[in-house]
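As structure tokens, the structure follows; a few thoughts come after it.
Protein chains: 4
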Amino acid sequence: MPLPEEFREIAGRVNNWGRWGADDEIGTLNLITDGVVREAASCVRTGRRIPLALPLRRGGVQTGLIPGRVDPLHVMTQINREVFGPGTVACSDDAVTMGLQAATHWDALAHVSHSGLLYNGRPAGTVTAHDGAGFGGIGTVRHLVSRGVLLDVARVRGVDRLDGGRAVTPEDLDAAEELAGTRVRAGDVALVRTGQIRVLLGGDREGYAYPSPGLSLRTPRWFHARDVAAVASDTLAFEVFPPEVAGLWLPVHALHLVEMGLLQGQNWNLEELSTACGETGRYTFLLSATPEPFTGATGSPVAPVALL
Amino acid sequence: MPLPEEFREIAGRVNNWGRWGADDEIGTLNLITDGVVREAASCVRTGRRIPLALPLRRGGVQTGLIPGRVDPLHVMTQINREVFGPGTVACSDDAVTMGLQAATHWDALAHVSHSGLLYNGRPAGTVTAHDGAGFGGIGTVRHLVSRGVLLDVARVRGVDRLDGGRAVTPEDLDAAEELAGTRVRAGDVALVRTGQIRVLLGGDREGYAYPSPGLSLRTPRWFHARDVAAVASDTLAFEVFPPEVAGLWLPVHALHLVEMGLLQGQNWNLEELSTACGETGRYTFLLSATPEPFTGATGSPVAPVALL
Amino acid sequence: MPLPEEFREIAGRVNNWGRWGADDEIGTLNLITDGVVREAASCVRTGRRIPLALPLRRGGVQTGLIPGRVDPLHVMTQINREVFGPGTVACSDDAVTMGLQAATHWDALAHVSHSGLLYNGRPAGTVTAHDGAGFGGIGTVRHLVSRGVLLDVARVRGVDRLDGGRAVTPEDLDAAEELAGTRVRAGDVALVRTGQIRVLLGGDREGYAYPSPGLSLRTPRWFHARDVAAVASDTLAFEVFPPEVAGLWLPVHALHLVEMGLLQGQNWNLEELSTACGETGRYTFLLSATPEPFTGATGSPVAPVALL
Amino acid sequence: MPLPEEFREIAGRVNNWGRWGADDEIGTLNLITDGVVREAASCVRTGRRIPLALPLRRGGVQTGLIPGRVDPLHVMTQINREVFGPGTVACSDDAVTMGLQAATHWDALAHVSHSGLLYNGRPAGTVTAHDGAGFGGIGTVRHLVSRGVLLDVARVRGVDRLDGGRAVTPEDLDAAEELAGTRVRAGDVALVRTGQIRVLLGGDREGYAYPSPGLSLRTPRWFHARDVAAVASDTLAFEVFPPEVAGLWLPVHALHLVEMGLLQGQNWNLEELSTACGETGRYTFLLSATPEPFTGATGSPVAPVALL
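Chains as they are written, first to last, in the numbering used here: chain S, 1 to 308; chain L, 1001 to 1308; chain G, 2001 to 2308; chain U, 3001 to 3308.
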């Protein structure tokens, strides 16, 4: 089944292919200029730092539904081993096996393709078992630091969390932007809070996964108009689930990652940040959220920190 | 063989046990106050961002000498899979197995014990196969952002890299501090450049590992006097290898991690940063280097970024 | 809480420490002599081969209850890669991460200790994070082929499967032995069928795990009297769960692995074998069940085959 | 570059597609009938068992040349953990990450394709990152027990091991068959000894890998004429390396796995078996070599045992 006309129409409007050259692999991250970073640094007023990552551990986010996207299996490879003989200094070492998108993470542009193509019109076949993503992998992102803006949709709609299946609309984003008291600008990273992660923090992994509030098919045009550099949210699927249009699965993924070349973040814990922003009335900050530089990976865990 | 008197004497002078309470698990990171972070943010002048991590990939840093500290094995778990049926959006997913200290990383305080004890006098037995580090694990570090200072010892000594086996002394640090034109302050993160990573970048893993320049047994007192929050360097072993005192292996590890509660970073690529600082004459910056929050881990990969 | 007198009393009766020398690491497997194997070979009448292993795959046996005992995560590391250039022969390769006791497996003698000791009185501390089991690891078992005897308790009790929590008693084993029409002999491998694995095959992992029928605390004396070389069964926990004596957990494990030095097999699928034996009235066969020779491992997957 | 005419000509002669039906996934293993197994059992004369697997451990066979084909990384996930409280029975558990073809293993039929096709003419595209081998995976092999015949080419040629680069020819196989004093029959598993594994056992992994003696391009016709069920050898690459015809890489793999549907075994340690057969003058035995049933895998570790 080909993607419907509705999708094609939006895709045509938000497409960024070629905008930063035919060889570009980082898309809207190009919008984070030195000037944007200087502005971002000026958002640091109190020096308070708020971490946005979930702990990486067994018994994390995953329910087993997506094969291979496994919660971290952390193992010790040595424990207090006196490497150089009895009585010497002792070392402990460890290793991990995990799905790169198991917890708080960024999707690389190569994470999704449609109609056989990745961002910038590259063939989907550049992703291989042997080399991973030959184009648009997360390792091409050298740094990701910019101004962050919390778009606190749950707060502006007066709820702890949006209902499962509730689409976050452009109108919601307008309202949250108004609450934030700032205009979202080119190069900003937008953090969209639905409150859904409270379900996970309350211990209900299944309920967290589905049904879930999330971004509407109509929001990519909003982000494109603002020229944001990246968008992250506090849900598993990022976009609303079940989807708005029957049979049209993951349209926001396809629009962001393939058409726009815009990085998406999932499973970000925005609760402490929401409280802090609510208290101060300031919703902008320096956001430091560089992914781990896995060569050829289609995603990466990230430990984002907001500096207020 | 018990640790020698020389070690005991230094340990007594730099010990921080109890300084931040009996339950403290993060040691000198307590020195990064909101004020320090505000100062750090003011170091951002141009907005330039310099990444300090090595790529995470097969064929990385490890030679196989340390069992279990394996280079990342990155694997695809799905490739352009049309999850919801033919013609739908296609997803690629991946997973990784790796030693947590395989590449650019932080040692957690729990990484090393001596005489049966960890930092703050906790028993080494709190590290177990089942739970990992029950005390002083990397997951207790919620954020690590501060002022960074590059102590460019190779540059100040007029070489591309210090020779293998050359100890970096307090006098070297004094000279590098003078070159930096700033006094290292409480809460700063010191980045000590030896140039040794050029050997690795040139393709010689074995030569990178050994022999290596690195910190002298005498430097922990220097860092303690300045009250730095953490120290990272561009070598595999962090301290000079082979060691300065016959039979006294890893004394700097033991002094930093156990006695002082000071995080150590290894395999940081400081080459691009050195060039930038050399050009501008400014050696201070905002350093964002939060580890991935692995619960109970004795180390974590990190993707540090310097904002100049 | 020390182990109760009831346990100590049985332990004293079945203990095999020193029986095969102070350095012995394979316990009752010593009972499989060349003569036993010749007898076993003579059991092959029809040439029919029946596999007893569950498939190794995602979505296998594990529920996540035992951290680290993860179902196989099978990943492709290359797919139809023309390694030597376009048009050449193409190769596919793969890798796996799994708990060694995740599916059909043998427990090594080192799997369990009590009172600080392993089989043959060795200290439990010989198991380390760095080297695994320094004594009694599965890698010390070079081969495991013998006469197998199916003790079909479910069949002799007239049920498809024994109820959850039903202990298999010496009297059950007597009855099953009578049904088998043979006396269990020194060096035999006893396969005890409860039918419990039908719950798993029916799709109910949780119900398979608990509550479960399994061997009673009283059966080690029966196996000791017969001098069997090993025992395997078709349940997750091997012994009855919940246990017969309040607070006395895993007594059969401790008696078999520590006191007797007797290997245990779990999650063996005995259904097809049961049908075949029921049809022919012959319950003995050549059993080939050599574990994978993981050095220092406390268990290993096994693909047992019965030759009838 | 298309495969040369020489290859095509042999392929036409040995092709077994359709021989066991269009849906067959196990190829020549169909030749192991119940009658063959009865005959195999009659080869057990002394009851002696000889293991043919290398230990599974760090520091095994792999040199790092084939990415992803990693030596076993064995880790403890719990060590003497008193799961049910202090004083209770203590358990140790472990897990492993490894390339399925890292050590002593079977190649599944799906391991190799050429010209876009697998065995039985199935499309190579049935191998996917998500599901692994959808056709001809190792999990379709339910058991592998048959008569084994040692073809001791090194012995019959009067050397400890054949030189690196020396092709094993049909004439060598004839001579070894004569030494064995038996005619290789339909359903037999042929074990071809070159002695090359002595290089590995002597500690030289690189020298073991390359150059290597191995099967000539001309031997598949010999195995086809005998209708063997499978062939295993004591080298890394199975076939001679470097190859006999410039630019024709892995022709034996393609003929065996794709054209004939014949399983190949690599890295089998045939040294102890060679000694035993040399002493007794008997080169036939019951061979038990069932792979681990990994669903969708293109290979599997195996712990083969010869019963003499």
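Don't be surprised by glycine CBs; every beta carbon is placed ideally from N, CA and C.
Bridge partner(s) assigned by DSSP for residue i
{"i": "Pro1123 of chain L", "result": "L:Leu1117"}
{"i": "Trp317 of chain S", "result": "Here chain S covers residues 1 to 308 and nothing more, so residue 317 of chain S does not appear."}
{"i": "Gly3148 of chain U", "result": "U:Val3189 and U:Phe3285"}
{"i": "Arg3081 of chain U", "result": "U:Cys3091"}
{"i": "Ala306 of chain S", "result": "S:Ile50 and S:Leu287"}
{"i": "Glu3005 of chain U", "result": "Per DSSP, none; premise fails for Glu3005 of chain U."}
{"i": "Met2098 of chain G", "result": "U:Val3096"}
{"i": "Met1076 of chain L", "result": "L:Asp1094 and G:Met2076"}
{"i": "Val3112 of chain U", "result": "G:Cys2091"}
{"i": "Ala254 of chain S", "result": "For Ala254 of chain S, which the question treats as bridged, DSSP gives no partner whatsoever."}
{"i": "Leu2056 of chain G", "result": "U:Phe3294"}
Residue i at chain L interface by Cβ criterion, 7 Å
{"i": "Ala2129 of chain G", "result": "yes"}
{"i": "Arg8 of chain S", "result": "no"}
{"i": "Glu25 of chain S", "result": "no"}
{"i": "Arg205 of chain S", "result": "no"}
Cβ of residue i within 7 Å of any chain S Cβ
{"i": "Thr2097 of chain G", "result": "yes"}
{"i": "Pro1242 of chain L", "result": "no"}
{"i": "Asp1034 of chain L", "result": "yes"}
{"i": "Pro1002 of chain L", "result": "yes"}
CB contact below 7 Å: residue i versus chain G
{"i": "Arg58 of chain S", "result": "yes"}
{"i": "Thr3028 of chain U", "result": "no"}
{"i": "Leu3250 of chain U", "result": "yes"}
{"i": "Ala3297 of chain U", "result": "yes"}
CB contact below 7 Å: residue i versus chain U
{"i": "His2143 of chain G", "result": "yes"}
{"i": "Ser2288 of chain G", "result": "yes"}
{"i": "Phe2084 of chain G", "result": "yes"}
{"i": "Pro2123 of chain G", "result": "no"}
{"i": "Arg2048 of chain G", "result": "yes"}
{"i": "Phe2223 of chain G", "result": "no"}
{"i": "Ala2303 of chain G", "result": "yes"}
Same chain only: Cβ atoms within 7 Å of residue i, ignoring 5 sequence neighbours per side
{"i": "Cys3091 of chain U", "result": "Gln3078, Arg3081 and Val3083"}
{"i": "Arg2218 of chain G", "result": "Thr2169 and Pro2170"}
{"i": "Phe1135 of chain L", "result": "Glu1025, Ala1110, Leu1118, Arg1122 and Thr1126"}
{"i": "Cys1222 of chain L", "result": "With the sequence shown as reference, residue 1222 of chain L is identified as Trp, and Cys is not the correct amino acid for it. Around Trp1222 of chain L: Pro1170 and Leu1173."}
{"i": "Gly1140 of chain L", "result": "The sequence shown places Thr at residue 1140 of chain L, not Gly. Closer than 7 Å at the Cβ level, and outside the excluded window around Thr1140 of chain L, lie Glu1025 and Ile1026."}
Close Cβ partners of residue i (< 8 Å) along its chain, the five nearest in sequence each way excluded
{"i": "Gln3062 of chain U", "result": "Arg3069, Val3070, Asp3071, Gly3099, Ala3102 and Arg3205"}
{"i": "Gly2281 of chain G", "result": "Gly2181"}
{"i": "Leu1073 of chain L", "result": "Arg1058, Val1096, Thr1097 and Met1098"}
Spatial neighbours of residue i in its chain, beta-carbon cut-off 6 Å, leaving aside the 5 residues before and after
{"i": "Glu1259 of chain L", "result": "Ala1011, Val1014 and Asn1015"}
{"i": "Asn3030 of chain U", "result": "Trp3020"}
{"i": "Ile2032 of chain G", "result": "Ser2146, Gly2187 and Ala2229"}
{"i": "Ala2040 of chain G", "result": "Ser2146, Arg2147 and Leu2286"}
{"i": "Ala2175 of chain G", "result": "Val2156"}
{"i": "Thr2046 of chain G", "result": "Leu2308"}
The region 3067 to 3082 of chain U: positions lying closer than 8 Å to chain G by Cβ
For the region 3067 to 3082 of chain U, residues whose beta-carbon sits nearer than 8 Å to a beta-carbon of chain G comprise Pro3067, Gly3068, Arg3069, Val3070, Pro3072, His3074, Val3075, Met3076, Thr3077, Gln3078, Ile3079 and Asn3080.
Can you list the alpha helix (DSSP H) stretches of 4 or more residues lying completely in the region 206 to 234 of chain S, in chain order?
Taking only runs of at least 4 residues, the alpha helix (DSSP H) segments lying wholly in the region 206 to 234 of chain S are 219 to 226.
Could you please tell me which residues of the region 89 to 116 of chain S, in chain order, have their CB closer than 7 Å to any CB of chain L?
Answer in chain order: Val89, Ala90, Cys91, Ser92, Asp93, Asp94, Ala95, Val96, Thr97, Met98, Gly99, Leu100, Gln101, Ala110, His111, Val112, Ser113 and His114.
Segments assigned alpha helix (DSSP H), at least 4 residues, entirely inside the region 1015 to 1053 of chain L
Secondary structure in the region 1015 to 1053 of chain L: the alpha helix (DSSP H) runs of 4 residues or longer, each lying completely within the stretch, are 1034 to 1041 in chain order.
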